[in-house]
Amino acid sequence: MISHVLPTYNRAPLAFERGEGAWAIATDGTRYLDLGAGIAVNVLGHANPDLVAALTEQAGRIWHVSNLYQIPEQEKLADLLVEATFADTVFFTNSGTEAAELAIKMVRKYWDHVGRPDRIEILTFEGAFHGRSTGAIAAAGSEKMVKGFGPLMPGFRQLPWGDMAALEAAIGPATAAVMIEPVQGEGGIRPIADDDLRRIRALCEATGALLVLDEVQCGMGRTGRLFAHEYAGITPDIMMVAKGIGGGFPLGAVLATEAAAAGMVAGTHGSTYGGNPLACAVGAKVMQIVADGNFLAEVNRKAALFRQKLEGLVAAHPQVFEGVRGQGLMLGLKCRAAPADLVKASYGQHLLTVPAADNTLRLLPPLNITEDEIAEAVARLDRAADSLDA
Ligand SMILES: *Cc1c(COP(=O)(O)O)cnc(C)c1O
2 MISHVLPTYN
12 RAPLAFERGE
22 GAWAIATDGT
32 RYLDLGAGIA
42 VNVLGHANPD
52 LVAALTEQAG
62 RIWHVSNLYQ
72 IPEQEKLADL
82 LVEATFADTV
92 FFTNSGTEAA
102 ELAIKMVRKY
112 WDHVGRPDRI
122 EILTFEGAFH
132 GRSTGAIAAA
142 GSEKMVKGFG
152 PLMPGFRQLP
162 WGDMAALEAA
172 IGPATAAVMI
182 EPVQGEGGIR
192 PIADDDLRRI
202 RALCEATGAL
212 LVLDEVQCGM
222 GRTGRLFAHE
232 YAGITPDIMM
242 VAKGIGGGFP
252 LGAVLATEAA
262 AAGMVAGTHG
272 STYGGNPLAC
282 AVGAKVMQIV
292 ADGNFLAEVN
302 RKAALFRQKL
312 EGLVAAHPQV
322 FEGVRGQGLM
332 LGLKCRAAPA
342 DLVKASYGQH
352 LLTVPAADNT
362 LRLLPPLNIT
372 EDEIAEAVAR
382 LDRAADSLDA
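Numbering-wise (my numbering), the sequence shown opens with residue 2 and increments by one.
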């Protein structure tokens, strides 16, 4: 008999009823050190007092108003995002998938608006993940996500990850956009080289194609900069944000330049819940904390410490691990065996980690994890690896 919850997830036999910072407390009282953070969502940890205050203060005033009206909380968050980034304008969504959906629509509308409705091809990359809508699975194109869900939305072409020669051959006067995660998350914590991202920007410039960055997982301070593309010193035309921006409250956004958004006039897109006061009140608080230079400097300091300890861990367990990769607190341990085994062994050490493709174990702690917690996490990973060595 089918479970009452649609069984699309292979769930671990663990349930959590409370959280405190980097710790998730299971229904049996066991404290788990959380290096998953809801898959890069809880950037400020569980039950963060500042976020709880922002949410409850807003909850006592007004929860939901339609986008038929002005929403001051939404305008405040849009102001913060525009001030901190390349963007001139922001549309709020409830998830990364919805952000991907709008990014795709915005690209198509742009080319229609400038009189080239035939320019629909969006170039994407193997290993990409942009969500589970029909548009987002067509964009990523992986067998696992698209099988049985055809016919797929046309207009996407996947190129091998990081293959600049393939991109140079594919991009041209018919290309609508290039869409890429600066650091692939689900694909296995794979950063694109800064030089390659600059080259992609230049190729877009030369052909007129829009550059769409998916920073749903790698954005919001995760890599040690507010957004990962800042390392390359380039800016996109359109960017998707979600996960960390709500600190655990469902929230996403599409950021765009005025030119890229030119076609998106009144009536062209909408959302009932997108940009609701609850989500935006929390999002504004997250932005105020995370977009701060001192906060990001701390992320980088702790990331360097974490990485150094992980290099030691890899050296101590050459049969289990191949190496460390990633940027900031978006870290991956490339494993020799299936990462699922390590995830399971980590549960045994009361440690939460997340598997990814390309045999990678993802470590995505809250950005305010402490040095002691980092040391504790590595000690637990070491014991988990011991159990696999044995
Ligand atoms: C998680 C993710 C998405 C989808 O976001 P949802 O909130 O799950 O819809 C899109 N892109 C990237 C890079 C992601 O990591």
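The beta carbon of each residue, even a glycine, is placed where N, CA and C say it ideally should be. Nothing here was measured: the structure is a model prediction, and the numbers come from that model.
{"query": "Does ligand 1 have even one heavy atom less than 7 Å from the beta-carbon of K244?", "result": "yes"}
{"query": "Rounded to the nearest angstrom, what separates L297 and G225 at their Cα positions?", "result": "6 Å"}
{"query": "Can you find at least 3 beta carbon pairs, one from the stretch 111-120 and one from the stretch 147-155, that sit closer than 8 Å?", "result": "no"}
{"query": "For ligand 1, is there any heavy atom lying closer than 7 Å to the beta carbon of A101?", "result": "yes"}
{"query": "Within 7 Å: the Cβ of R187 and any heavy atom of ligand 1?", "result": "A small correction: the amino acid at residue 187 is Glu; Arg does not occupy that position in the sequence shown. Result yes, Cβ under 7 Å from ligand 1."}
{"query": "So P367 and G22 are in contact, right, with Cβ under 8 Å, and what is the actual spacing, rounded?", "result": "7 Å"}
{"query": "Evaluate the contact criterion for the stretch 125-139 versus the stretch 282-290: three or more CB pairs, one atom per stretch, below 8 Å.", "result": "no"}
{"query": "Should W24 be labelled buried (16 or more other beta-carbon atoms within 10 Å of its own) or exposed?", "result": "buried"}
{"query": "Where do the N-terminal and C-terminal ends of the alpha helix (DSSP H) with R384 fall, by residue?", "result": "E372 to D390"}
{"query": "What does a CB cutoff of less than 6 Å around R191 pick up in its chain, not counting 5 residues either side in sequence?", "result": "Q185"}
{"query": "Curious, which full-length beta strand (DSSP E) runs of at least 3 residues does the stretch 292-355 contain?", "result": "322-328 and 331-336"}
{"query": "So, T273 versus F87, is the Cβ gap smaller than 8 Å?", "result": "no"}
{"query": "For my contact list, F157 and G173 are in at a C-beta cut-off of 8 Å; report their separation, rounded to the angstrom.", "result": "Between G173 and F157 the Cβ distance is about 15 Å, and since that is not below 8 Å, they are no contact."}
{"query": "What first and last residue would you give for the alpha helix (DSSP H) that runs through I105?", "result": "G97 to H114"}
{"query": "Closest by CA to L211, which one among E99, A338, S4 and K106?", "result": "K106"}
{"query": "Straight-line CA distance for R1 to I26?", "result": "The shown model of the chain, from 2 to 391, leaves out residue 1, and the question about it has no answer."}
{"query": "On a CA-only basis, which of R200, L306, S388 and T354 is nearest Q320? Give me that one, please.", "result": "S388"}
{"query": "Where G245 and P8 are concerned, what is the direct C-alpha to C-alpha distance, given to the nearest angstrom?", "result": "26 Å"}
{"query": "Heavy atom of ligand 1 less than 7 Å from the Cβ of H230, yes or no?", "result": "no"}
{"query": "Opposite G22 in the DSSP bridges: which residues?", "result": "H47"}
{"query": "Quick one: grab the DSSP three-state call for M240.", "result": "strand"}
{"query": "Pick out whichever of P155, D113 and N369 has its Cα sitting closest to the Cα of D35.", "result": "N369"}
{"query": "From L334, A380 and A378, pick the residue whose C-alpha is nearest to that of N1; which is it?", "result": "An answer regarding residue 1 cannot be provided, because it is not within the stretch 2 to 391 covered by the chain."}
{"query": "When the Cα of F17 is compared with those of S4, A38 and V6, which residue comes out closest?", "result": "A38"}
{"query": "Would you say the beta carbon of E127 is closer than 7 Å to some non-hydrogen atom of ligand 1?", "result": "no"}
{"query": "I want to check one thing, is the minimum distance from the CB of V108 to the heavy atoms of ligand 1 below 7 Å?", "result": "no"}
{"query": "Mapping DSSP to helix, strand and coil, what is D119?", "result": "coil"}
{"query": "Based on Cα-Cα distance, which residue from N43, M180 and D342 lies nearest to A13?", "result": "D342"}
{"query": "Output the distance between the C-alpha atoms of V315 and V344, rounded to the nearest integer angstrom.", "result": "16 Å"}
{"query": "Can you list, in chain order, the residues of its chain whose CB lies under 8 Å from that of L15, leaving out five sequence neighbours each side?", "result": "A27, Y33 and Y348"}
{"query": "Which word fits K110, buried or exposed, when buried means at least 16 other C-beta atoms lie within 10 angstroms of its C-beta?", "result": "buried"}
{"query": "Relative to the alpha-carbon of I72, which residue among A376, V283, I138 and G276 has its alpha-carbon at the smallest distance?", "result": "G276"}
{"query": "Just mark W112 as buried or exposed, buried being the case when its beta carbon has 16 or more other beta carbons within 10 Å.", "result": "buried"}
{"query": "Is V217 near ligand 1, going by C-beta to nearest heavy atom under 7 Å?", "result": "yes"}
{"query": "Below 8 Å, how does it come out for the stretch 249-259 and the stretch 88-99: are there three or more Cβ pairs, yes or no?", "result": "yes"}
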